[in-house]
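Single-structure report; data block below.
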Amino acid sequence: MTSHTAPETALETASDSGTDLYLSAPPSPPYLKLDAQDGKWIINNETSMTKTDTWGVKHFEFGREQYLNVKDTGGEFTAPDIYGKLHTCTVEPPSIQEYEGKDQLCGPSLYLRPHLDLMWPPVETKLRDKWGVYPGDAGCLIWIRRRDIIDDSKEALHEFCKNLDHAGSQVFVDSAQLWNSGGEALEKNLADDAVKVPGIDKIVCIGMGALKRVDWFLQHVSVSRIRKILADKQGKAITAIPIYAQDPYYCRKCKAILREMDFEIVEDPDGFMKIDNNTFVISIHPSVPVRQIAVWRTREGGPAGMLCNRIYDEEVVEQKEKRKRDAGAHFLCEYKTRCTTLPWNDVDSPPESRAFSHSEMYIRNTTK
């Protein structure tokens, strides 16, 4: 395994000074560019990247292509760090391994690093060990994890799934009642004529969890209600706003139930590729930096809307979010200023319904 690392002193200096490393343009080649012939990201030694928003999205798309090259067969995985230098590791092919006490077919998966991880190296070291990340990743936004359960070998049923016989089963009715106890205020705010929505043609749900807990299930139930309001406000049929859902931990039963609910399941990380300026993104307490990638991918303006963890004002990001997997950044704060914020308050709801704690809805203003 080979690894070309950035100077540790530079990383430490940036961390100590509080510099947002993701928003500092890398000082020297190589960089990435889009090949005009095959549409893939390649190394570019001729020009530098000065727009940091496109720099971030290029890292993600390049890392995704590298991952697709190794996920089935193993091989060399390469990614640039925040300085533009390349890091490479040798990825093992899928194999039978013990996972959660059982022999499972396991393979590599993408590791998407929140930007604040790089600013607290001791925290990042602990997270690297926890998530089983290959070594040699210093300063990389995108890297690779050693193993994840491959879908075909996943258990067909989580405990909670066993009670989900079909989309009309009692647990659906119970979840709808829980939503009514905590979600009506948000629905009312969203439906208000004063809230203007930009053109929304799809909903993308990422990292909302397998259907093995009531609160995670409730998050999925809420999506259909939100879709109906968005469709009504635009004079569209609900079928004109498809719902895409991505979570690597959906089991086969999860997927079957969600398809009955009119969700289209997309594999990790392809849900991110669906996000554009006409997308409404839903992601609550994810284990990957969804908000960060959503704003990167949509560049100017940001996604049409998001229901996500609260975006704190810039001055409290460090105190509130430095240990979160979907930590904030100043470009998220800028996105928030372009939006109408619909707060979520489920404090008075039953504990089972607090699936959206510390969350807010953001609708991008049509006039900004």
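Counting along the sequence shown from 1, when you hit position 287 you're at 295 in our numbering, and nothing is skipped either side.
Glycine included, C-beta positions come from ideal geometry on N, C-alpha and C.
Cβ-Cβ distance between residue 149 and residue 67 below 8 Å: As a working note, residue 149 is residue 141 in the sequence shown. As a working note, residue 67 is residue 59 in the sequence shown. In contact: residue 149 and residue 67 (Cβ atoms closer than 8 Å).
Residue 222 in three-state terms, based on DSSP: Taking the first residue of the sequence shown as position 1, residue 222 is located at position 214. Correct three-state label for residue 222: helix.
Inter-residue Cα distance where the pair is residue 110 and residue 156: To locate residue 110, count along the sequence shown from 1; it is residue 102. To locate residue 156, count along the sequence shown from 1; it is residue 148. Straight-line Cα distance between these residues: approximately 13 Å.
Separation of residue 371 from residue 204, as counted between CA atoms: Along the sequence shown, one-based indexing puts residue 204 at 196. Along the sequence shown, one-based indexing puts residue 371 at 363. Approximately 8 Å between the Cα atoms of the pair.
Between the CA atoms of residue 239 and residue 306 - distance to the nearest angstrom: As a position in the sequence shown, residue 306 is number 298, starting the count at 1. As a position in the sequence shown, residue 239 is number 231, starting the count at 1. Per the coordinates, the alpha-carbon of residue 306 lies some 22 Å from the alpha-carbon of residue 239.
Whether residue 235 touches residue 211 by CB criterion (8 Å): Taking the first residue of the sequence shown as position 1, residue 235 is located at position 227. Taking the first residue of the sequence shown as position 1, residue 211 is located at position 203. Against a cut-off of 8 Å, the Cβ pair of residue 211 and residue 235 comes out as a contact.
Burial state of residue 267, where buried means 16 or more other Cβ atoms lie within 10 Å: As a first step, residue 267 is located in the sequence shown; it is residue number 259 there, counting from the start. Its Cβ having fewer than 16 others within 10 Å, residue 267 is exposed.
For residue 343, the nearest candidate out of 198, 142 and 303 (CA to CA): Taking the sequence shown and counting its residues from 1, the one referred to as residue 343 is at position 335. When each option's Cα is compared against that of residue 343, the closest is 303.
Nearest-angstrom Cβ-Cβ length linking residue 121 and residue 140, presumed shorter than 8 Å: Counting from 1 along the sequence shown, the entry for residue 121 is found at position 113. Counting from 1 along the sequence shown, the entry for residue 140 is found at position 132. With a Cβ gap of about 14 Å, residue 121 and residue 140 do not count as contacting.
Proximity of residue 310 and residue 288 at Cβ, strictly below 8 Å: As a first step, residue 310 must be located in the sequence shown, where it is residue number 302. As a first step, residue 288 must be located in the sequence shown, where it is residue number 280. No, the Cβ-Cβ distance between residue 310 and residue 288 is not below 8 Å.
Other residues of its chain near residue 74: CB distance less than 7 Å, five sequence neighbours each side excluded: As a working mapping, residue 74 is identified with position 66 in the sequence shown. Short of 7 Å from the beta carbon of residue 74, and not among the five residues preceding or following it, lie these beta carbons of its own chain, in chain order: 85, 86 and 87.
Euclidean distance between Cα positions of residue 327 and residue 318: Against the sequence shown, residue 327 aligns to sequence position 319. Against the sequence shown, residue 318 aligns to sequence position 310. The predicted position of residue 327 is uncertain, since its pLDDT is 46 and thus under 50; a value taken from the coordinates is nonetheless stated next. Their Cα atoms are separated by approximately 14 Å.
Beta bridge counterpart(s) of residue 151 as assigned by DSSP: Walking along the sequence shown from the start, residue 151 turns up at place 143. Looking at the DSSP output, residue 151 sits in a beta bridge with 119.
Helix, strand or coil at residue 317 according to DSSP, with G and I counted as helix: Mapped onto the sequence shown, residue 317 falls at position 309. In this structure, residue 317 counts as strand in the three-state DSSP scheme.
Cα-Cα separation between residue 113 and residue 256, rounded to whole angstroms: Position 105 of the sequence shown holds residue 113. Position 248 of the sequence shown holds residue 256. Distance between the alpha carbons of residue 113 and residue 256 is about 14 Å.
is_contact[residue 298, chain B] using C-beta, thresh 8 Å: Chain labels in this structure do not include chain B; a single protein chain is all it has.
Euclidean distance between Cα positions of residue 102 and residue 71: Here residue 102 refers to the residue found at position 94 of the sequence shown. Here residue 71 refers to the residue found at position 63 of the sequence shown. Approximately 19 Å, taken between the alpha carbons.
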